[in-house]
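Numbering (our numbering), first residue to last: 695 to 1103.
The C-beta atom is built at its ideal place from N, Cα and C for all residues, glycine as well.
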Amino acid sequence: MMNILVLNCGSSSVKYQLIEAEAQKTLARGSVERIGMTGATLANLRHDGDEIKIAGEIVDHTVAIEYILAVLLSRNHGVIADKSEIHAVGHRVVHGGEAFVQSVLITNEVIKTLRDNIELAPLHNPHNLRGIAACEVNLPGVPQVSVFDTAFHQGMPKRAYLYGIPYSLYTQYKIRRYGFHGSSHRYVAWRASAFLRRKLDTLKLITCHLGNGCSMAAVDQGVSIDTSMGFTPLEGLLMGTRSGDIDPSVILYIMGKEGLTLGEANTLLNKHSGLQGISGVGSDMREVIGEMKNGDKKATYAFDVFTYRVKKYIGAYAAAMGGLDAVVFTGGIGENSPDVRRASCEGLQFLGINVDEGRNVSSEKEKLISADGAKTAVIVIPTNEELVIAMDTMEIVKTLRPEPAATRS
Ligand code: ADP
């Protein structure tokens, strides 16, 4: 038995799950919020439904991990009796750059490479590094593994990842498409192959991760050969507050017209655009759909731009792969919105896509929503990035200690 602590460390938050990897069972999950601020809290949910919320002075990531361990070990709300029952830690790390094509055991050398990548992900990688250091303090000697959002897309060919700018900017600054949400795309592609009872290496899949951030991937024989997010998670689909694809000149034009600084332009595109920007209603798809159904015009525009873009990428990726076996929807919107799925697939019968409305609105979580006889399957699969992180971590740690339980006792 191997228990893996899966961590997702942000600037002021740490999300965690303790997963019994072989059984694929989450023992406890929760999050620490407002690290380093007043009113910091930890909320924990145990597998049996027991919930607890604690307030405390959580000044940094090291204290956050201390709190998490205290809860996991607590007599009334915990799930383990001793720290040694945590056999490894798996970290979600946003940016692996070109250095990491798969998950890796964290060594001093890996930490150095992660530091070198900070410039590529200034908002994320520093916090991941803090989380790693915090585990070294709180769980000394416990192996740590890094699972990258970018790694799954490292199989893309040059024609998919190069931008049309001077090649020297790629060699000098590593400016290229990286793609994100890799663990989610990988997980749902794997689940889709199990669902369809076909080997992944025989399938041409388009995976649509539609959450607050949205991205799509063309997964050909298990390899992501193209994806809609780019150098940063700003490119591609319309998102809650991000613009997605835009003519780069628009940015320069607005900066000139409104006298925006670089930082302000960045905020405009990342925080005030997308569903929120067009609709004026908010970044939450439920609210946008609600207002659309009340007849609000701008909410309708936002919904239409969102779903039209998903449809365009389906067409593009079917062309890139020269065929299509299945479209997979996941993420908060992809899993829960029949309206988005219907509109995104509408008019794609020529690709063999035909959504069955009864199936589309059914309450099942994992489901086939295409009509019987449709050439291309359309499937909904709830994502589980934490499980991917736990499984990768287990596989890597197993190679270090074939029998962790035995060596511990
Ligand atoms: P994150 O990307 O932060 O992990 P999620 O994957 O949870 O976010 O997705 C959040 C999005 O899912 C929000 O836009 C929310 O409105 C949307 N969502 C959740 N449930 C529904 C629903 N029933 N219908 C439409 N959208 C939904």
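The alpha-carbon separation between residue 897 and residue 914 amounts to approximately 6 Å. Membership of residue 909 in any alpha helix (DSSP H) is not indicated; the residue belongs instead to the beta strand (DSSP E) covering 908-914.
Residue 1034 has its CB nearer than 8 Å to a heavy atom of ligand 1. Contact between the stretch 956-964 and the stretch 978-995 is absent: fewer than three C-beta pairs spanning the two stretches fall below 8 Å. Runs of the alpha helix (DSSP H) lying entirely within the stretch 920-1002, each at least 4 residues long, are 942-952, 956-965, 968-973 and 979-987 in chain order.
The beta carbon of residue 1000 is closer than 6 Å to those of 932 in its chain, skipping five residues each way along the sequence.
In the three-state DSSP reduction, residue 768 falls in the coil class, being neither helix nor strand. In chain order, 789, 790, 791, 793 and 819 place their CB closer than 8 Å to the CB of residue 811, counting only its own chain and leaving out the 5 sequence neighbours on each side. Taking the CA atoms as reference points, residue 935 sits about 15 Å from residue 992. Between the alpha carbons of residue 904 and residue 841 lies a distance of about 21 Å. Distances between the C-beta of residue 979 and the heavy atoms of ligand 1 include at least one below 8 Å. Pairwise C-beta distances place the stretch 1033-1048 in contact with the stretch 1070-1081, as three or more of them are shorter than 8 Å. Proximity of the beta carbon of residue 905 to ligand 1 is indicated: a heavy atom of the ligand is located closer than 8 Å. For residue 836, the three-state secondary structure derived from DSSP is coil. The closest heavy atom of ligand 1 lies less than 8 Å from the beta carbon of residue 1030. For residue 983, the shortest C-beta to heavy atom distance toward ligand 1 is below 8 Å. Secondary structure note for residue 858: it is in no beta strand (DSSP E), with a DSSP letter that is neither H nor E. Between the beta-carbon of residue 844 and that of residue 825 there is about 17 Å, and that puts the pair past the 8 Å contact cut.
For residue 879, the enclosing alpha helix (DSSP H) begins and ends at 876-890.
For residue 873, the shortest separation between its Cβ and any heavy atom of ligand 1 does not lie below 8 Å. Along the stretch 719-750, the beta strand (DSSP E) occurs as fully enclosed runs of 3 or more residues at 719-727, 735-740 and 745-749, listed in sequence order. Approximately 5 Å separates the beta-carbon atoms of residue 715 and residue 698; this is inside 8 Å, confirming the contact. Scanning its chain for C-beta atoms nearer than 6 Å, with the 5 sequence neighbours on each side dropped, one finds around residue 908 the residues 931 and 933, in chain order. In the three-state DSSP reduction, residue 865 falls in the helix class (H, G or I).
Burial is judged here by how many other beta carbons sit within 10 angstroms of a residue's own beta carbon; residue 867 has fewer than 16 and is exposed.
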